[in-house]
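*Asks:* Mind the numbering: the sequence shown is residues 63 to 768 in the working numbering, read in order. Note that the Cβ used here is the ideal one computed from N, Cα and C, for glycine as well. None of the values given here were measured: they were computed from a predicted structure. First the structure, then my questions, so here it is.
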Amino acid sequence: MIMKIMKRISILFFALVFSVACATQEQATQQTQQRGVPVDVEGLTYPELNPYQIPEIETFELENGIKFYLVEDDEVPLINLNMIVRAGSFMEPDDKVGLAGIMANVIRNGGSEAYPENELNQLLEDRAARIEFGMGFTSGSVTLNALNEDFYDLLPVLLDVMMNPLLPQEKIDLAITQRRSGISRRNDNAQQIGSREFGRLIYGEDSPQGRMMEHWTLDAITREDLAEFHKNAYTGENLMIGLVGDFKVEEIKPILEQIFSEIPAGEKNEIELPDVDYNFDSSIHLVDKRDVNQSVILMGHIGGMRDNPDYAALQAMNEVLSGGFSGRLFQNVRSDQGLAYAVFGNYGSSALFPGQFYAGVFTQSSTTAEAIKSVRNEMIKLQEEPVSQEELDDTRNSILNSLVFRYDSRSRVLRERMSNEYLGLPADAFESYIEELQTLTPADIQRVASQYMRPDEMRILVVGHGGEIGDQLDEFGNVQEVDIEIRRTLEEEEVVSGDVAGGAEWLNKMSGAILQNGNMEGTFKQEGIVELNSPMGAVSLTRNEEINFKENTFLIEMLNTPQGDITFNISGNQGTASLGGQEFPLQPAQIEQQLGEYKVHYLNILANRDEFSVDMMGTEEVNGEETILLRVRGDKTLNFFINMNTALPVKMTYEEFNPQMGGDVLVEMYYNQWTVSDGVAVAYEVVSKVAGEDQATVRISDHSIE
């Protein structure tokens, strides 16, 4: 324990030294100002900065193919090891998307036989060290960060965990559950939807770049798949290892040779991606997301490759168009025309496959079409009119200033060298880029804008509220709606039809039994308590509700919660929560969570019955009683079990994804103690179960219609 504390103090010490130095300088400045001595800012002179010396990188290669890159840095007593692994999700079969990331996750979280998870975590914590594994699209990573006195003891640990992982099934299941939860939330954020779906428009939904992890691809992943992927990834021919820190090359080199020579050479994984099947065309696409009131717009086409001789000119062109506060989209579309909350853009140039070119804005639903045309006009201006020398100089300086920290440490220099070699770029690619930026002329910007941008052949994607956008997009062509529904299986579930006429008949009977006045006009109010079953024991909350199911407005008061009294006020796709005298906006996912039980409420079904299809599926026994089974299909498929004599539901069921359980679960609601007031019958006791376990009981004390 003492050793662990001392190591943390050592690391903290170096941070404090830097902080004190900065504070001392600031204090001196303040004292000068407080003494009333004027500071001649304009007259300050600065000594010429010492030229930055690129550190020497020592390289060598083992017989098994592992390449090493070593940089000495004795400023702090730390050693950082970073590996690039020639593997990635590009190697995944189409039906097992998600495999690579799960494999890397389980290696670290499962440990090895010699160093199981808990022992590994404790060992690293005691030494204030870190071991991590990652896996991206075209490369993986392994890192070890430690004090130099511990580094040599931890190297064999890293090697054992990397080469002999346990891959325990419980950790695989946990990783899959976490990813299922991510799938369930992937449509919460409109900007993330836009980025994801625009990429799929460019590369194709079934391409390695466009395919997505789905529930059924996770279903197909086995431990054997992880073991096979691991065997093909962590071999000598696929590893590049960089070290920077407090060591001497001549001392550490033989240690590295001894430890890493044990890794088999294996076969080199070739990154051979299929050619992108892209044809320049013009199209308009809409993701109809009804819980937002603004549009996220991306418009563009395929980009280019990093080895394009015009790479520097294209980056400068993009900076003129969409680069920060000085970009034309910001100045003209956002500031002058007021058509955007935010603007962005990129001319992507990858080393391994073509990137994406796009420009984008966030705008009000009502100005969607106007914003699209404005962005397009800015592209055309770049083609028709050369930029001024002043604008080019400002753009060049902006890019150079953003790159000022590119080589600010030995670690960054080392990563740049390794990355360039991995991607097949020249070692001096960055220096060449800087030199090319310095020689650009206004004519170069106009030339590449005309040669590479195609404003008349763009794919335009809008993520927004289709109802609020209306027919604005029709002027850009036939609007193609993008389906982002999250499905449970690859094949569409076969819809089993029942008796439609019987369904309508029994829905009418249920409506007559519940809505005894014949309609659901006005605001429904009810008061009661909610008894929740939790791991901490039973929790009882007072809940008062005011709901207009037709107008989609909800006022929900939750009293005596552990956090205090909370009020949710929701209208359509907007909502707020009030707590402790403060009001907070609700995010779409939070609104969906709050309204979940109301969307499946029998009063909502009856108030909006035209939005649902209903079939009678026959009879089924519930608690020894024969009932009519009504299947109601909307956003969810609901099963109502109707008492044959009273026409009141005694039970309702549906399935939904549960992130904690990592799969679909059956939700059951049992209705008891039906009570009539203001011509509406309400179940005064509702018992809900999830996966067969009691979850909550709602007890109503009063209800009315106003």
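1. How is V738 classed by DSSP in three states: helix, strand or coil?
2. Less than 8 Å between CB atoms is the rule here; does T604 satisfy it with respect to chain D?
3. Using 8 Å as the threshold, is the region 257-275 in touch with the region 131-142, meaning 3 or more CB pairs across them?
4. Specify the secondary structure class of A90 as computed by DSSP and reduced to three states.
5. With a CB to CB cut of under 7 Å and the five nearest residues on each side skipped, what residues in its chain are close to C84?
6. Starting from G173, follow its DSSP beta bridges and name the residues at the other end.
7. Does the Cβ of K233 have 16 or more other Cβ atoms within 10 Å, making it buried, or fewer, making it exposed?
8. Apart from the five residues on each side of it in sequence, which residues of its chain come closer than 8 Å, Cβ to Cβ, to Y131?
9. Using the Cβ count rule (16 or more neighbours within 10 Å means buried), how would you classify I317?
10. Going by DSSP, what residues sit across from D12 in a beta bridge?
11. Starting from V712, follow the beta strand (DSSP E) in both directions and report where the run begins and ends.
12. Taking only the alpha-carbon atoms, compute the straight-line gap between I548 and D697 and give it to the nearest angstrom.
13. Once you ignore the five residues that flank M620 on each side, which residues in its own chain have a CB closer than 6 Å to its CB?
14. Just to confirm the assignment, what range does the alpha helix (DSSP H) spanning A575 have?
15. Along the beta strand (DSSP E) that carries L209, what are the first and last residues, could you check?
16. Measuring alpha carbon to alpha carbon, tell me which of E299, Y403, P504 ends up nearest V382.
17. What are the start and end residues of each continuous beta strand (DSSP E) run of 3 or more residues lying completely inside the region 394-461, in chain order?
18. Tell me, to the nearest whole angstrom, how far the beta carbon of I325 is from that of G298; I am working on the premise that it is less than 8 Å.
19. Straight-line CA distance for E154 to R273?
20. Have a look at R550 and N249 and give me their C-alpha separation to the nearest angstrom.
21. Applying the 10 Å Cβ sphere with the 16-neighbour rule, what's the burial state of R352?
22. What is the DSSP secondary structure of E682, reduced to helix, strand or coil?
23. Whole angstroms is fine: what's the gap from R463's alpha carbon to A378's?
24. Can you give the beta carbon distance from S203 to N144, rounded, assuming they're within the 8 Å contact cut?
25. Once DSSP output is grouped into helix, strand and coil, what is the label at A83?
26. Let me confirm a value: T708 is counted as buried when at least 16 other C-beta atoms fall within 10 Å, else exposed. Which label applies?
27. Looking only at its own chain, which residues have a Cβ that is under 8 Å from the Cβ of T430, when we skip the five neighbours before and after it?
28. Ends of the beta strand (DSSP E) at K129?
29. Under DSSP, the beta strand (DSSP E) around S345 begins and ends at which residues?
30. Round the Cβ separation of D287 and L185 to the nearest angstrom and send it over; I've been treating them as touching at under 8 Å.
31. For E673, which residues in the same chain have their Cβ closer than 8 Å to its Cβ, ignoring the five residues on either side in sequence?
32. How would you write the range of the beta strand (DSSP E) that Q534 sits in, first residue to last?
33. Would you report the Cα separation of G362 and I507, rounded to the nearest angstrom?
34. In this structure, how does DSSP classify Y265 when only helix, strand and coil are distinguished?
35. Where does the unbroken beta strand (DSSP E) through S357 begin, and where does it stop?
36. Per DSSP, T629 forms a beta bridge with which residues?
*Replies:* The answer reads as follows:
1. Working through the sequence shown from its first residue, we reach residue 738 at position 676. Correct three-state label for V738: strand.
2. Among the chains of the structure shown, chain D does not appear; only one protein chain is present.
3. no
4. Residue numbering aside, residue 90 sits at position 28 when the sequence shown is read from its first letter. With a pLDDT of 43 at A90, under the threshold of 50, the predicted position of this residue should be treated as unreliable, though the coordinate-derived value follows. Three-state result, A90: helix.
5. In the sequence shown, residue 84 corresponds to position 22, counting from 1. Residue placement at C84 is poorly supported in this model, since its pLDDT is 41, which falls under 50; the coordinates are not used for a value here.
6. In the sequence shown, counting from the first residue as 1, residue 173 sits at position 111. Bridge partners of G173: P178.
7. Here the question's residue 233 lines up with position 171 in the sequence shown. Under this definition K233 is a buried residue.
8. Counting from 1 along the sequence shown, the entry for residue 131 is found at position 69. Counting only Cβ-Cβ distances below 8 Å, and skipping sequence neighbours, we find I119, E120, T121, M302, I303, G304, L305, L476, R479, M480.
9. Taking the first residue of the sequence shown as position 1, residue 317 is located at position 255. Classification for I317: exposed.
10. Nothing in the structure corresponds to residue 12, since the chain is present only between 63 and 768.
11. Along the sequence shown, one-based indexing puts residue 712 at 650. Where V712 is concerned, the enclosing beta strand (DSSP E) stretches over 711-720.
12. Residue 548 sits at position 486 when you count from the first residue of the sequence shown. Residue 697 sits at position 635 when you count from the first residue of the sequence shown. Whole-angstrom Cα-Cα distance: 12 Å.
13. Here residue 620 is taken as the residue at index 558 of the sequence shown, counted from 1. Correct list, in chain order: L603, R605, I628.
14. One-based indexing of the sequence shown puts residue 575 at position 513. Segment 562-576, the alpha helix (DSSP H) holding A575.
15. Here the question's residue 209 lines up with position 147 in the sequence shown. Element bounds for L209: 202-209.
16. Position 320 of the sequence shown, counted from the start, is the residue given in the question as residue 382. Comparing Cα-Cα distances from V382 to each of E299, Y403, P504, the minimum goes to P504.
17. 404-412, 416-426
18. For the purposes of this step, residue 325 is taken as the residue at position 263 of the sequence shown. For the purposes of this step, residue 298 is taken as the residue at position 236 of the sequence shown. Contact flag correct, Cβ pair sits at about 5 Å.
19. What you label residue 154 is simply residue 92 of the sequence shown in a count that begins at 1. What you label residue 273 is simply residue 211 of the sequence shown in a count that begins at 1. Rounded to the nearest angstrom, the two C-alpha atoms are 11 Å apart.
20. Mapped onto the sequence shown, residue 550 falls at position 488. Mapped onto the sequence shown, residue 249 falls at position 187. Spanning the two alpha carbons is a distance of roughly 15 Å.
21. To locate residue 352, count along the sequence shown from 1; it is residue 290. Exposed, since its Cβ has fewer than 16 Cβ neighbours within 10 Å.
22. Counted from its first residue, the sequence shown places residue 682 at position 620. Correct three-state label for E682: strand.
23. Residue mapping note: residue 463 aligns to position 401 of the sequence shown, counting from 1. Residue mapping note: residue 378 aligns to position 316 of the sequence shown, counting from 1. A small fix is needed here, since residue 463 is Asn in this sequence, not Arg. Straight-line Cα distance between these residues: approximately 13 Å.
24. As a first step, residue 203 must be located in the sequence shown, where it is residue number 141. As a first step, residue 144 must be located in the sequence shown, where it is residue number 82. Between N144 and S203 the Cβ distance is about 7 Å, and since that is below 8 Å, they are a contact.
25. As a working note, residue 83 is residue 21 in the sequence shown. In this predicted model, A83 has a pLDDT of only 40, less than 50, meaning its place in the structure is not dependable; the value taken from the coordinates is given anyway. Helix at A83.
26. Taking the first residue of the sequence shown as 1, we reach residue 708 at position 646. Under this definition T708 is an exposed residue.
27. One-based indexing of the sequence shown puts residue 430 at position 368. Correct list, in chain order: S357, I359, V524, G526, I531, Q534, L535.
28. As a position in the sequence shown, residue 129 is number 67, starting the count at 1. 129-134 is the extent of the beta strand (DSSP E) around K129.
29. What you label residue 345 is simply residue 283 of the sequence shown in a count that begins at 1. Judged by DSSP secondary structure, S345 falls within the beta strand (DSSP E) whose first and last residues are 345-350.
30. In the sequence shown, counting from the first residue as 1, residue 287 sits at position 225. In the sequence shown, counting from the first residue as 1, residue 185 sits at position 123. At roughly 29 Å, the Cβ-Cβ gap does not stay under 8 Å, so D287 and L185 are not in contact.
31. Here residue 673 refers to the residue found at position 611 of the sequence shown. Leaving aside the five residues that flank E673 on each side, the residues in its chain whose CB is nearer than 8 Å to its CB run, in chain order, G696.
32. Taking the sequence shown and counting its residues from 1, the one referred to as residue 534 is at position 472. It is not in any beta strand (DSSP E) - Q534 carries neither H nor E in the DSSP assignment.
33. In the sequence shown, counting from the first residue as 1, residue 362 sits at position 300. In the sequence shown, counting from the first residue as 1, residue 507 sits at position 445. About 18 Å.
34. Position 203 of the sequence shown, counting from 1, holds the residue named residue 265. Looking at Y265 - three-state DSSP - the assignment turns out to be helix.
35. Position 295 of the sequence shown, counted from the first residue, corresponds to residue 357. S357 -> beta strand (DSSP E) spans 356-364.
36. On the sequence shown, position 567 is the one that residue 629 refers to. According to DSSP, T629 bridges with E619, S640.
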